[in-house]
Amino acid sequence: MEVLLWIGAAQSLFSAIILLLLRKDKSLANKILTAWLCIIVFEFLTTAIDFSTGIIHLTNPFLIFNPLIYFYSKALINPGYRLKWYQLWHVLPYLFVKMGSYIWGVEFIPEDFYRIDPSTWFRVTMSVISVISFIGYSAPSLVSVHRYRINL
């Protein structure tokens, strides 16, 4: 499993470099896709390090993937779309869960996910945030892509 994580990290990094350096089209959509690939590299690396230490921390990369899918679809559909600095708040749930799992030492143990212990609040909060993120970003992305396809 660890080898697959390292291969995935290398492949994502290579793809990000290719997109960043070799593509002549420097559109916002391509920049978002490059950022997405770099985040995938980060996720693969942290998971591989977790595997090598034997402590797999509870995290949810979809908390960052969902906003990126939303912004990527908006940038593809509307070429004039621009990101604003205040849209960085979309990263906060991901940072809370990622950093919180390391700070509070919350491990990913599937069979003990619902046990009552001092980190139960963190697991429940992460679950609620994940569901809200999935619905809040996937639904608008799918609707906007569907509307765009109808108007083609």
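Taken in order, the sequence shown gives residues 1 to 152; the numbers are from our numbering.
For every residue, glycine included, the Cβ atom is placed at its ideal position computed from N, Cα and C.
Supposed contact pair Glu-2 and Ser-52 - C-beta distance, whole angstroms, cut 8 Å: Under the criterion of beta carbons closer than 8 Å, Ser-52 and Glu-2 qualify as touching, at roughly 6 Å.
Do you know offhand how far Ile-77's Cα is from Val-145's? In this structure, the alpha-carbon of Ile-77 lies about 7 Å from that of Val-145.
Does Ile-66 pass the burial test, meaning 16 or more other C-beta atoms within 10 Å, or should it be called exposed? A quick correction: the sequence has Asn, not Ile, at residue 66. Buried, since its Cβ has 16 or more Cβ neighbours within 10 Å.
As an exercise, report each continuous alpha helix (DSSP H) stretch of at least 4 residues that is fully enclosed by the stretch 6-91, in chain order. Segments of the alpha helix (DSSP H) lying fully in the stretch 6-91: 28-53 and 62-77.
Pair every Cβ in the stretch 17-30 with every Cβ in the stretch 50-64, then say whether three or more of these pairs are closer than 8 Å. The stretch 17-30 vs the stretch 50-64: no contact.
Boundaries (first-last residue) of the alpha helix (DSSP H) holding Arg-123: 120-150 is the extent of the alpha helix (DSSP H) around Arg-123.
Take Pro-93 and list the residues in its own chain whose beta-carbon comes closer than 8 Å to its own, dropping the five residues that flank it on each side. For Pro-93, same chain residues with a beta-carbon under 8 Å away, outside a window of 5 residues either side, are Leu-63, Ile-129 and Ser-133 in chain order.
Buried or exposed for Lys-98, going by 16 or more other Cβ atoms inside 10 Å? Around the CB of Lys-98, 16 or more other CB atoms lie within 10 Å, so the residue is classed as buried.
Should Asp-50 go down as buried or exposed, given a rule of 16 or more other Cβ atoms within 10 Å for buried? Flag for Asp-50 reads buried.
Identity of the residue in Trp-89, Leu-33, Leu-68 and Pro-118 nearest Ile-17 by Cα: Nearest option by C-alpha distance: Leu-33.
Suppose you measure from the CA of Phe-113 to the CA of Gln-87; what does that come to, to the nearest Å? Phe-113 and Gln-87: Cα-Cα distance of roughly 32 Å.
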